[in-house]
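K.L.:
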Amino acid sequence: MAVMRRALARHATFVVMLCLSLAAAVAVLALKGEAALWRALGGALDLAVFILPVLGAGLLLAASVRQLLPDGALSRWLGAESGLRGLVLASLVGIVTPGGPIAAFPLVLVLLRAGADRGAVIAFVLSWALNGFQRILIWEIPLLGLEFSLLRFLACLPLAVIGGLIARRMPASWQPEVK
Amino acid sequence: MSATQALVWLMALSAFAWLLRRGGLVPARRALRDTGTSLLKLLPMIAVALPLATLFAELVPPGVAEGALGRESGTAGILIATTAGMLLPGGPFVTFPLVLAFLAAGAGTAQMVALISAWSVLGLHRVLVWEMPIMGHRFVLLRLASGAALPVLAGLLAEALLSGFPVLGR
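Here the protein sequences line up with chains A and B, keeping their order. Numbering-wise (this note's numbering), the first sequence opens with residue 3 and increments by one. Numbering-wise (this note's numbering), the second sequence opens with residue 175 and increments by one.
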């Protein structure tokens with residue numbers, strides 16, 4: 003019983019997502035029918051084919067950068083004492099970080115190990131999510147035009163720093179752990 | 175292979191080559207082992223996350239409330255757009271074409287800025303598929319709490335920018 007509970011705790015995320023997937027599958031089958039279920043599963047397979055080639059590259063990138071950066075190397079620039087300048091710097095790093103979530107999230111672990119504080123990593127993730135240059139170049143400017151893209155970029159520019167400031171004021175128990 | 179994938183591979187291989195030159199074989203082998211370990215840990219997650227994403231897409235009706243997102247909808251429209259962006263499943267290949275369709279149907283620019291921001295920062299889809307498995311729930315909670323207000327702020331900032339520089343709204 004204790005063994006089972008420990009295993010469940012260690013794989014909590016996996017179990018939750020598995021249950022959600024099964025519930026969604028039942029809901030689709032009940033509401034939209036069998037064809038929709040197969041269409042969704044086929045779509046998932048297509049996504050996997052699209053994602054898997056880049057997954058290995060993203061992980062290799064993060065692992066290599068981690069070996070290149072000694073522990074604590076960035077604490078002067080991105081640590082808890084780095085102030086507003088650290089948050090601005092983290093936002094700039096977020097904008098120039100290429101690739102999808104598969105590259106960006108492992109980089110967060112690298113930054114934490116290198117001494118970045120939680121304000122800086124939150125500013126980094128928010129800045130990457132809002133204004134990552136690659137998505138703007140590949141999707142936004144071609145589809146929505148330069149004016150719209152510029153307006154959105156400018157409106158979102160200060161937000162990552164604001165998010166980092168909020169993160170630094172959160173209760174201490176929310177410190178992200180370094181695995 | 176897409177241009178994005180080629181770019182990530184190019185960066186990964188450059189970083190690895192640099193590591194080989196600077197550190198030699200030992201750290202290079204350590205990096206390869208790290209890559210393998212993370213890959214094995216992530217694969218089962220991805221196997222349940224991708225069907226979840228596509229099943230979710232089947233359940234959310236396309237074309238949510240175009241009237242409520244119009245140019246004159248103001249702050250209420252920004253709030254509705256934020257909610258819609260949060261629930262929007264799929265990557266940029268879903269979101270940007272949808273925003274294009276919304277804009278053509280008369281949605282307001284500031285409202286669409288809020289929608290894209292909410293999808294970027296709060297998108298349930300990305301949280302479930304990527305962030306939870308890689309980062310764990312404590313990081314997700316911290317990030318969501320820090321970012322919760324930002325999409326609405328982005329919409330309001332866009333509205334202010336539009337009144338100052340109407341040329342951006344077209």
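Ideal Cβ positions, reconstructed from N, Cα and C, are used throughout, including at glycine.
To the nearest angstrom, how far is it from the Cα of L152 (chain A) to the Cα of L335 (chain B)?
P.N.:
Here the question's residue 152 (chain A) lines up with position 150 in the first sequence. Here the question's residue 335 (chain B) lines up with position 161 in the second sequence. Each residue's alpha carbon lies about 11 angstroms from the other.
K.L.:
Output, in chain order, the set of chain B residues within a Cβ distance shorter than 8 angstroms of M19 (chain A).
P.N.:
Within the first sequence, residue 19 (chain A) is the residue found at index 17, counting from 1. Those within 8 angstroms of M19 (chain A) in chain B are M219, V222, A223, L226, L302, M306, P307.
K.L.:
With a cut-off of 9 angstroms, does the C-beta of S337 (chain B) fall near any C-beta of chain A?
P.N.:
Locating residue 337 (chain B) in the second sequence gives position 163, where the first residue counts as 1. False, the Cβ-Cβ gap to chain A never drops below 9 angstroms.
K.L.:
Would you mind sorting C21 (chain A) into buried or exposed? The rule is 16 or more other CB atoms within 10 Å of its CB.
P.N.:
By 1-based counting over the first sequence, the position of residue 21 (chain A) is 19. When all chains shown are included, C21 (chain A) counts as exposed.
K.L.:
Between V273 (chain B) and the rest of its own chain, which residues show a CB-CB distance below 7 angstroms, the 5 nearest in sequence each way excluded?
P.N.:
Position 99 of the second sequence holds residue 273 (chain B). So the list reads M286, L289, I290, once near-sequence residues are dropped.
K.L.:
Could you please give me the residues that DSSP links to G244 (chain B) through a beta bridge?
P.N.:
Residue numbering aside, residue 244 (chain B) sits at position 70 when the second sequence is read from its first letter. BP columns for G244 (chain B) point to B:A281.
K.L.:
Is the separation between the beta-carbon of I252 (chain B) and that of V326 (chain B) shorter than 9 angstroms?
P.N.:
Mapped onto the second sequence, residue 252 (chain B) falls at position 78. Mapped onto the second sequence, residue 326 (chain B) falls at position 152. It is a contact, given that the beta carbons lie within the stated cut-off.
K.L.:
Should L80 (chain A) be flagged as near chain B, meaning a C-beta pair shorter than 9 angstroms?
P.N.:
Residue 80 (chain A) sits at position 78 when you count from the first residue of the first sequence. Not one chain B Cβ lies under 9 angstroms of L80 (chain A).
K.L.:
Just mark R154 (chain A) as buried or exposed, buried being the case when its beta carbon has 16 or more other beta carbons within 10 Å.
P.N.:
The sequence position of residue 154 (chain A) within the first sequence is 152, counting from 1. Buried.
K.L.:
Three-state secondary structure (DSSP) at D48 (chain A)?
P.N.:
For the purposes of this step, residue 48 (chain A) is taken as the residue at position 46 of the first sequence. Reduced to three states, the DSSP call for D48 (chain A) is helix.
K.L.:
Using a C-beta to C-beta distance shorter than 8 angstroms, which residues of chain A count as neighbours of S320 (chain B)?
P.N.:
Taking the first residue of the second sequence as position 1, residue 320 (chain B) is located at position 146. The answer, in chain order, is I124, L128, G165, G166, I168, A169, M172.
K.L.:
Taking the continuous alpha helix (DSSP H) assigned at H311 (chain B), which residues delimit it?
P.N.:
Stepping through the second sequence from its first residue, residue 311 (chain B) is reached at position 137. Unbroken alpha helix (DSSP H) run through H311 (chain B): 311-321.
K.L.:
If we define contact as Cβ-Cβ less than 9 angstroms, is L327 (chain B) a contact residue for chain A?
P.N.:
Here residue 327 (chain B) is taken as the residue at index 153 of the second sequence, counted from 1. Yes - at least one Cβ of chain A is within 9 angstroms of the one on L327 (chain B).
K.L.:
According to DSSP, is A191 (chain B) part of a helix, a strand, or is it coil?
P.N.:
If you number the second sequence from 1, residue 191 (chain B) lands on position 17. In the structure shown, A191 (chain B) sits in a helix (DSSP, three-state: H, G or I).
K.L.:
Counting only Cβ pairs nearer than 7 angstroms, list the residues of chain A close to R317 (chain B).
P.N.:
What you label residue 317 (chain B) is simply residue 143 of the second sequence in a count that begins at 1. Per Cβ cutoff of 7 angstroms: I124, V127.
K.L.:
If you follow the alpha helix (DSSP H) that S151 (chain A) is in, where does it begin and where does it stop?
P.N.:
Within the first sequence, residue 151 (chain A) is the residue found at index 149, counting from 1. 148-158 is the span of the alpha helix (DSSP H), which, as asked, contains S151 (chain A).
K.L.:
Could you have a look at L113 (chain A) and say whether DSSP puts it in helix, strand or coil?
P.N.:
Along the first sequence, read from residue 1 onward, the residue named residue 113 (chain A) stands at position 111. If DSSP states are grouped into helix, strand and coil, L113 (chain A) belongs with the helices.
K.L.:
Give the straight-line distance between the Cα atoms of L224 (chain B) and L214 (chain B), rounded to the nearest whole angstrom.
P.N.:
Locating residue 224 (chain B) in the second sequence gives position 50, where the first residue counts as 1. Locating residue 214 (chain B) in the second sequence gives position 40, where the first residue counts as 1. The alpha-carbon atoms of L224 (chain B) and L214 (chain B) are separated by roughly 16 angstroms.
K.L.:
Kindly list the residues whose CB is nearer than 8 angstroms to the CB of L39 (chain A), restricted to its own chain and excluding five residues on each side of it in sequence; keep chain order.
P.N.:
Position 37 of the first sequence holds residue 39 (chain A). Result list for L39 (chain A): A27, V30, L31, in chain order.
K.L.:
How many Å lie between M172 (chain A) and A157 (chain A) at the Cα?
P.N.:
By one-based count along the first sequence, residue 172 (chain A) stands at place 170. By one-based count along the first sequence, residue 157 (chain A) stands at place 155. Cα to Cα, the separation comes out at about 24 angstroms.
K.L.:
Could you spell out the range, first to last residue, of the alpha helix (DSSP H) harbouring W130 (chain A)?
P.N.:
Locating residue 130 (chain A) in the first sequence gives position 128, counting from the first residue. Unbroken alpha helix (DSSP H) run through W130 (chain A): 120-133.
K.L.:
Check the Cβ-Cβ distances between A42 (chain A) and every residue of chain B, and say whether any is below 9 angstroms.
P.N.:
For the purposes of this step, residue 42 (chain A) is taken as the residue at position 40 of the first sequence. Yes, contact with chain B.
K.L.:
Find the residues of chain B that neighbour R154 (chain A), judging by a C-beta separation of less than 9 angstroms, and give them in chain order.
P.N.:
Stepping through the first sequence from its first residue, residue 154 (chain A) is reached at position 152. Within 9 angstroms Cβ-Cβ: T283, M286, V287, I290, S291, A328, A332.
K.L.:
Can you pull the chain A residues whose beta carbon is under 9 angstroms from the beta carbon of G198 (chain B), in chain order?
P.N.:
On the second sequence, residue 198 (chain B) is found 24 positions in, with the first residue counted as 1. None at all; the shortest Cβ gap to chain A is about 11 angstroms.
K.L.:
Examine chain B for any beta-carbon lying closer than 9 angstroms to the beta-carbon of V67 (chain A), and answer yes or no.
P.N.:
Taking the first residue of the first sequence as position 1, residue 67 (chain A) is located at position 65. Cβ-Cβ to chain B under 9 angstroms: yes for V67 (chain A).
K.L.:
Going along chain B, which residues have a C-beta under 8 angstroms from V112 (chain A)?
P.N.:
On the first sequence, residue 112 (chain A) is found 110 positions in, with the first residue counted as 1. Simply none; closest approach about 11 angstroms.
K.L.:
Please return the same chain residues whose Cβ sits closer than 7 angstroms to the Cβ of V98 (chain A), not counting the five positions on each side in sequence.
P.N.:
On the first sequence, residue 98 (chain A) is found 96 positions in, with the first residue counted as 1. Excluding residues within five positions, the ones whose Cβ falls inside 7 angstroms are F135.
K.L.:
Can you list, in chain order, the residues of the segment 51-67 of chain A whose Cβ is nearer than 9 angstroms to any Cβ on chain B?
P.N.:
Those would be F52, I53, L54, P55, V56, L57, G58, A59, G60, L61, L62, L63, A64, A65, S66, V67, in chain order.
K.L.:
Would you check if there are 3 or more beta carbon pairs closer than 8 angstroms linking the segment 252-262 of chain B to the segment 300-317 of chain B?
P.N.:
Segments in contact, no.
K.L.:
Does the beta-carbon of V51 (chain A) have 16 or more other beta-carbons within 10 angstroms, so that it is buried, or is it exposed?
P.N.:
Taking the first sequence and counting its residues from 1, the one referred to as residue 51 (chain A) is at position 49. By the neighbour-count rule (16 or more Cβ atoms within 10 Å), V51 (chain A) is not buried but exposed.
K.L.:
For a contact defined as C-beta to C-beta under 7 angstroms, what are the partners of F135 (chain A) on chain B?
P.N.:
Position 133 of the first sequence, counting from 1, holds the residue named residue 135 (chain A). Those do not exist, as F135 (chain A) stays about 11 angstroms from chain B at its closest Cβ, beyond 7 angstroms.
K.L.:
Leaving out the 5 sequence neighbours to the left and right, which residues in its chain are closer than 6 angstroms to A292 (chain B) when beta-carbon positions are compared?
P.N.:
Position 118 of the second sequence, counting from 1, holds the residue named residue 292 (chain B). Excluding positions up to five away in sequence, the list reads T256, G259, M260, P325.
K.L.:
Which residues in the same chain have their Cβ closer than 8 angstroms to the Cβ of L194 (chain B), if we skip the five residues on either side of it in sequence?
P.N.:
For the purposes of this step, residue 194 (chain B) is identified with residue 20 of the second sequence, where counting begins at 1. Closer than 8 angstroms at Cβ, skipping near neighbours: A202.
K.L.:
Taking Cβ to Cβ, would you say A92 (chain A) is nearer than 9 angstroms to G74 (chain A)?
P.N.:
The sequence position of residue 92 (chain A) within the first sequence is 90, counting from 1. The sequence position of residue 74 (chain A) within the first sequence is 72, counting from 1. No, they are not a contact pair.
K.L.:
Shorter than 9 angstroms from the beta carbon of E142 (chain A) to some beta carbon of chain B?
P.N.:
For this step, residue 142 (chain A) is matched to residue 140 along the first sequence. By this cut-off, E142 (chain A) is an interface position.
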